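Colleague: Sequential numbering of the sequence shown, starting at 6, is according to my numbering. Just so it is clear, CB atoms sit at the ideal spot from N, CA and C, and this is done for glycine as well. Computed from a prediction, not measured in an experiment: that's the story for all the values here.
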Amino acid sequence: MAVVVVTDLLRTLHRMHRQLADLRDRLTGGPRQVAAFKARLAASEAAFTAANDAVKKGKVTADQKQLQLRTSESKQRDLEAKLNACKTNREYQTLKEQIAADSMAMKVLEDEILEALERIDALRKDVPPAEQQVAQIKKLVAEKEDEVRREKAQLEAEVARIEGELAAGERELPADIVEAYRRAVKTKGADGMAPIEGESCGGCFQRITDMMMSEVLLGRMVICRGCGRVLFPAAPA
Ligand SMILES: [Zn+2]
Numbered sequence: 006m007a008v009v010v011v012t013d014l015l016r017t018l019h020r021m022h023r024q025l026a027d028l029r030d031r032l033t034g035g036p037r038q039v040a041a042f043k044a045r046l047a048a049s050e051a052a053f054t055a056a057n058d059a060v061k062k063g064k065v066t067a068d069q070k071q072l073q074l075r076t077s078e079s080k081q082r083d084l085e086a087k088l089n090a091c092k093t094n095r096e097y098q099t100l101k102e103q104i105a106a107d108s109m110a111m112k113v114l115e116d117e118i119l120e121a122l123e124r125i126d127a128l129r130k131d132v133p134p135a136e137q138q139v140a141q142i143k144k145l146v147a148e149k150e151d152e153v154r155r156e157k158a159q160l161e162a163e164v165a166r167i168e169g170e171l172a173a174g175e176r177e178l179p180a181d182i183v184e185a186y187r188r189a190v191k192t193k194g195a196d197g198m199a200p201i202e203g204e205s206c207g208g209c210f211q212r213i214t215d216m217m218m219s220e221v222l223l224g225r226m227v228i229c230r231g232c233g234r235v236l237f238p239a240a241p242a
């Protein structure tokens, strides 16, 4: 095989490895994006639940106070009935004082109930926006899932196409190069190869000896001593 063809081929194979790496990144990136959207959805659902719970809790508090007030009112009625049955002035005075004290406590309770009801009204206002946000993010999740699903098919087709081209290209490699090439790209893919930039390895920037340079230009397989990458001449400007 002519020298120029081998160096061109190594460069082409490197490009294909990079394309494959990029496509595979995008294939894993899609589901990651979907997962991030789902996390946002879970957070918005939790906020919605919390908003509802706050209203419920507020209602329980208001109900308890209202029950307490009704009990006090009923007790108050009993005391008032007893007033008429009082036999002594002292007894009458004591009852009167108790009724006055209870009335004061009930007034405080009434204020608290009013406050609790106002608080519920305020808390209720948080519920619809929280619910809206859940619906909005749910829609975004569905759209993202759809987009990722569609993109996945395209990306997989592209991966299959480039893998085919890569395999065809690799079959063109001279026998004395193939094994070292396979070793270099087996685990690292595109990063198992590097263009020569100036007089250095484009992967680790270690200087390349004149001897190595001439080997490369003769189309021989040269491995960087610094990082072990398969070297090939950079594309002609
Ligand atoms: Zn290197």
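For residue 28, count neighbouring C-beta atoms within 10 Å of its own C-beta (all shown protein chains included) and say buried if the count is 16 or more, exposed if not.
Modeller: Translated into positions along the sequence shown, residue 28 becomes position 23. Buried is the call here.
Colleague: Between the beta-carbon of residue 53 and the beta-carbon of residue 135, is there less than 9 Å?
Modeller: Residue mapping note: residue 53 aligns to position 48 of the sequence shown, counting from 1. Residue mapping note: residue 135 aligns to position 130 of the sequence shown, counting from 1. Yes, they are a contact pair.
Colleague: Over the uninterrupted alpha helix (DSSP H) stretch that includes residue 133, give me the two end residues.
Modeller: Taking the first residue of the sequence shown as 1, we reach residue 133 at position 128. 94 to 176 is the extent of the alpha helix (DSSP H) around residue 133.
Colleague: Please state the DSSP three-state secondary structure of residue 11.
Modeller: On the sequence shown, position 6 is the one that residue 11 refers to. It is helical.
Colleague: By how many angstroms is the C-alpha of residue 45 removed from the C-alpha of residue 137?
Modeller: Residue 137 sits at position 132 when you count from the first residue of the sequence shown. Residue 45 sits at position 40 when you count from the first residue of the sequence shown. Cα to Cα, residue 137 sits roughly 14 Å from residue 45.
Colleague: Residue 221 by DSSP, collapsed to three states: which one?
Modeller: Stepping through the sequence shown from its first residue, residue 221 is reached at position 216. Correct three-state label for residue 221: helix.
Colleague: For residue 154, which option in 83, 184, 14 and 33 has the closest C-alpha, if you only look at C-alpha atoms?
Modeller: Counting from 1 along the sequence shown, the entry for residue 154 is found at position 149. Answer by Cα proximity: 33.
Colleague: On the premise that residue 109 lies in contact with residue 74, defined as a C-beta separation below 8 Å, what is that separation, rounded to the nearest angstrom?
Modeller: Sequence index remark: in the sequence shown, residue 74 carries index 69 (1-based). Sequence index remark: in the sequence shown, residue 109 carries index 104 (1-based). Not quite, the Cβ-Cβ distance comes to about 13 Å (not below 8 Å), so this is no contact.
Colleague: Cβ-heavy atom distance between residue 237 and ligand 1 below 8 Å?
Modeller: Numbered from 1 along the sequence shown, position 232 holds the residue referred to as residue 237. For ligand 1, not one heavy atom lies less than 8 Å from the Cβ of residue 237.
Colleague: With residue 182 as the anchor, note down where its alpha helix (DSSP H) starts and where it stops.
Modeller: Sequence index remark: in the sequence shown, residue 182 carries index 177 (1-based). Run containing residue 182: 180 to 193, per the alpha helix (DSSP H) assignment.
Colleague: Could you tell me which residues DSSP puts in a beta bridge with residue 243?
Modeller: Here the chain has residues from 6 to 242 only, and residue 243 is not among them.
Colleague: Please report the distance separating the alpha-carbon of residue 185 from that of residue 23.
Modeller: In the sequence shown, counting from the first residue as 1, residue 185 sits at position 180. In the sequence shown, counting from the first residue as 1, residue 23 sits at position 18. The straight-line gap from Cα to Cα measures roughly 19 Å.
Colleague: From residue 50 to residue 143, what distance separates their C-alpha atoms?
Modeller: Residue 50 sits at position 45 when you count from the first residue of the sequence shown. Residue 143 sits at position 138 when you count from the first residue of the sequence shown. Roughly 10 Å between the two C-alpha positions.
Colleague: Based on DSSP bridge pairs, tell me the residues matched to residue 228.
Modeller: Residue numbering aside, residue 228 sits at position 223 when the sequence shown is read from its first letter. For residue 228, which the question treats as bridged, DSSP gives the partners 235.
Colleague: Name the residue from 187, 214, 215 and 203 whose alpha carbon lies nearest to the alpha carbon of residue 261.
Modeller: Examination of residue 261 is not possible in this model, given that the chain is present from 6 through 242 alone.
Colleague: Between 98, 212, 87 and 197, which lies nearest to residue 203 when the distance is taken from Cα to Cα?
Modeller: On the sequence shown, residue 203 is found 198 positions in, with the first residue counted as 1. If we check each option's Cα against that of residue 203, 212 comes out closest.
Colleague: Excluding five sequence neighbours on each side, which residues of the same chain lie with their C-beta closer than 6 Å to the C-beta of residue 167?
Modeller: For the purposes of this step, residue 167 is taken as residue 162 along the sequence shown, with counting starting at 1. Once the five neighbours on either side are set aside, the close Cβ partners of residue 167 are 21, 24 and 25.
Colleague: Alpha carbon to alpha carbon, what distance is there between residue 42 and residue 147?
Modeller: The residue you call residue 147 lines up with position 142 of the sequence shown. The residue you call residue 42 lines up with position 37 of the sequence shown. Rounded to the nearest angstrom, the two C-alpha atoms are 9 Å apart.
Colleague: Comparing C-alpha positions only, which one of 66, 125 and 225 sits nearest to residue 179?
Modeller: Taking the sequence shown and counting its residues from 1, one reaches residue 179 at position 174. Selected option, being the one with the closest Cα: 225.
Colleague: Taking the C-alpha atoms as reference points, what is the distance between residue 182 and residue 233?
Modeller: For this step, residue 182 is matched to residue 177 along the sequence shown. For this step, residue 233 is matched to residue 228 along the sequence shown. So the alpha carbons of these two residues sit roughly 14 Å apart.
Colleague: Under the criterion of a Cβ to heavy atom distance below 8 Å, does residue 199 qualify as lining ligand 1?
Modeller: For the purposes of this step, residue 199 is taken as the residue at position 194 of the sequence shown. The answer is yes for residue 199.
Colleague: CB of residue 211 to nearest heavy atom of ligand 1: below 8 Å?
Modeller: On the sequence shown, residue 211 is found 206 positions in, with the first residue counted as 1. Within the cutoff, so yes.
Colleague: When every heavy atom of ligand 1 is checked, does at least one fall within less than 8 Å of the C-beta of residue 234?
Modeller: Numbered from 1 along the sequence shown, position 229 holds the residue referred to as residue 234. Within the cutoff, so yes.
Colleague: Following a CB-centred definition, is residue 35 positioned closer than 8 Å to any heavy atom of ligand 1?
Modeller: Position 30 of the sequence shown, counted from the start, is the residue given in the question as residue 35. No.
Colleague: Drop a sphere of 10 angstroms on the beta-carbon of residue 216, count the other beta-carbons inside from all chains shown, and report buried for 16 or more, exposed for fewer.
Modeller: Here residue 216 corresponds to residue number 211 of the sequence shown, with the count starting at 1. It counts as exposed.
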